[in-house]
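Residue numbers (this note's numbering), protein chains in the order written: chain A, 1 to 114; chain B, 1001 to 1113. Using N, Cα and C, we set each Cβ at its ideal position, and we do this for glycine too.
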Amino acid sequence: GDSVTQMEGPVTLSEEAFLTINCTYTATGYPSLFWYVQYPGEGLQLLLKATKADDKGSNKGFEATYRKETTSFHLEKGSVQVSDSAVYFCALNEWAGGYNKLIFGAGTRLAVHP
Amino acid sequence: DAGVIQSPRHEVTEMGQEVTLRCKPISGHDYLFWYRQTMMRGLELLIYFNNNVPIDDSGMPEDRFSAKMPNASFSTLKIQPSEPRDSAVYFCASSLSSSGPAFFGQGTRLTVV
């Protein structure tokens, strides 16, 4: 089946540093791709999405581009803040048995220090 | 809309007891998912429903786990009997379409002692 692989964390950065969290996927079709964020003690929130190749999703200063040729959807932010400390999940929609279902990566914990 | 609502937020129970987790999806969403999150295994999809019908329950770990969706606005996940290894955060999520994003509730933190 389809799968998502994320870089292992934790990622520790100083405030205003550049962030990249790598995500690659394997899929038989052309899935939609997502980044979710989970703040401590909360559920997952959709951060951004892209539905086709070369689409760029963006939100709150975060960006990710759907790269079909490299099967990647890396998350980037130019200048992180302490409030960005959270766990980030890459995900895709897998088409199986006539239905779509979300497949998540293992998550990458980001810690931003002042 | 208030989003996906789960109850209770926290549940502590003794081994062998029955536990029922509840979820109210976002109105109009046709898909409902139950996930379990642990440090060791990450986020696991347990089961999902489309139009109240269970579509894929291959992630349900054992017969001790069961899930129902009697109507479009309510779902339950039941564990009977519960065991300490069931301790985790259980999330419910709903989605408007088969290709759209899922919206998550705040989760139920279950502790079985």
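- How should His-1010 of chain B be labelled, buried or exposed, when 16 other C-beta atoms within 10 angstroms of its C-beta is the threshold for buried? In the second sequence, counting from the first residue as 1, residue 1010 of chain B sits at position 10. Exposed.
- Residues of the stretch 39-51 of chain A with Cβ closer than 9 angstroms to any Cβ of chain B, in chain order: Gly-41, Glu-42, Gly-43, Leu-44, Gln-45, Leu-46, Lys-49 and Thr-51
- Going by the CB atoms, is the gap between Ser-1094 of chain B and Leu-1043 of chain B shorter than 8 angstroms? Looking up residue 1043 of chain B in the second sequence gives position 43. Looking up residue 1094 of chain B in the second sequence gives position 94. No, these two residues do not count as a Cβ contact at 8 angstroms.
- Is the Cβ-Cβ distance between Val-1012 of chain B and Ile-1026 of chain B less than 8 angstroms? For the purposes of this step, residue 1012 of chain B is taken as residue 12 along the second sequence, with counting starting at 1. For the purposes of this step, residue 1026 of chain B is taken as residue 26 along the second sequence, with counting starting at 1. No, the Cβ-Cβ distance between Val-1012 of chain B and Ile-1026 of chain B is not below 8 angstroms.
- If Ser-1066 of chain B sits next to Lys-1078 of chain B, beta carbons under 8 angstroms apart, how far is it from one beta carbon to the other, in whole angstroms? By 1-based counting over the second sequence, the position of residue 1066 of chain B is 66. By 1-based counting over the second sequence, the position of residue 1078 of chain B is 78. Rounded, the Cβ-Cβ distance is 5 angstroms, consistent with contact.
- Task: Note down, in chain order, all residues in the stretch 1037-1053 of chain B with a beta-carbon under 8 angstroms from any beta-carbon belonging to chain A.
- Result: Gly-1042, Leu-1043, Leu-1045, Tyr-1048 and Asn-1050
- Item | Rounded C-alpha distance that separates Tyr-88 of chain A from Arg-1041 of chain B | By 1-based counting over the first sequence, the position of residue 88 of chain A is 88. By 1-based counting over the second sequence, the position of residue 1041 of chain B is 41. Each residue's alpha carbon lies about 16 angstroms from the other.
- Task: Compare the beta carbon distance of Gln-1017 of chain B and Gly-1107 of chain B with 8 angstroms and say whether it is the shorter of the two.
- Result: On the second sequence, position 17 is the one that residue 1017 of chain B refers to. On the second sequence, position 107 is the one that residue 1107 of chain B refers to. In this structure, Gly-1107 of chain B does not lie closer than 8 angstroms to Gln-1017 of chain B by Cβ.
- Taking Cβ positions only, does Phe-1134 of chain B come closer than 8 angstroms to chain A? The requested residue 1134 of chain B does not occur in the structure, where chain B is confined to residues 1001 to 1113.
- Straight-line Cα distance separating Trp-1034 of chain B from Val-1113 of chain B: Mapped onto the second sequence, residue 1113 of chain B falls at position 113. Mapped onto the second sequence, residue 1034 of chain B falls at position 34. The alpha-carbon atoms of Val-1113 of chain B and Trp-1034 of chain B are separated by roughly 22 angstroms.
- Message: Please report the straight-line C-alpha distance between His-113 of chain A and Tyr-25 of chain A, rounded to a whole angstrom.
- Response: The residue you call residue 113 of chain A lines up with position 113 of the first sequence. The residue you call residue 25 of chain A lines up with position 25 of the first sequence. Their backbone Cα atoms lie some 30 angstroms apart in a straight line.
- By Cβ distance below 8 angstroms, which residues in the same chain neighbour Gly-1105 of chain B in space, the five residues on each side in sequence not counted? Locating residue 1105 of chain B in the second sequence gives position 105, where the first residue counts as 1. Excluding positions up to five away in sequence, the list reads Gly-1003, Val-1004, Ile-1005, Gln-1006, Cys-1023, Phe-1091, Cys-1092 and Ala-1093.
- Query: What does Gly-107 of chain A touch in chain B if you count any residue whose Cβ is under 8 angstroms from its own?
  - Reply: As a working note, residue 107 of chain A is residue 107 in the first sequence. Under the 8 angstroms cutoff, chain B gives Gly-1042 and Leu-1043.
- What did DSSP end up calling Arg-1064 of chain B once you bin it into helix, strand or coil? Position 64 of the second sequence holds residue 1064 of chain B. Coil at Arg-1064 of chain B, not helix or strand.
- Query: For Phe-1103 of chain B versus Ser-1075 of chain B, is the C-beta spacing smaller than 8 angstroms?
  - Reply: Locating residue 1103 of chain B in the second sequence gives position 103, where the first residue counts as 1. Locating residue 1075 of chain B in the second sequence gives position 75, where the first residue counts as 1. Not a contact, by the Cβ cut-off of 8 angstroms.
- Continuous alpha helix (DSSP H) assignments of at least 4 residues falling wholly in the stretch 35-113 of chain A: none
- Asp-130 of chain A versus A:Leu-110, A:Ala-64, A:Thr-5 and A:Thr-51, residue with shortest Cα-Cα distance: The structure shown has nothing for residue 130 of chain A, since chain A only spans 1 to 114.
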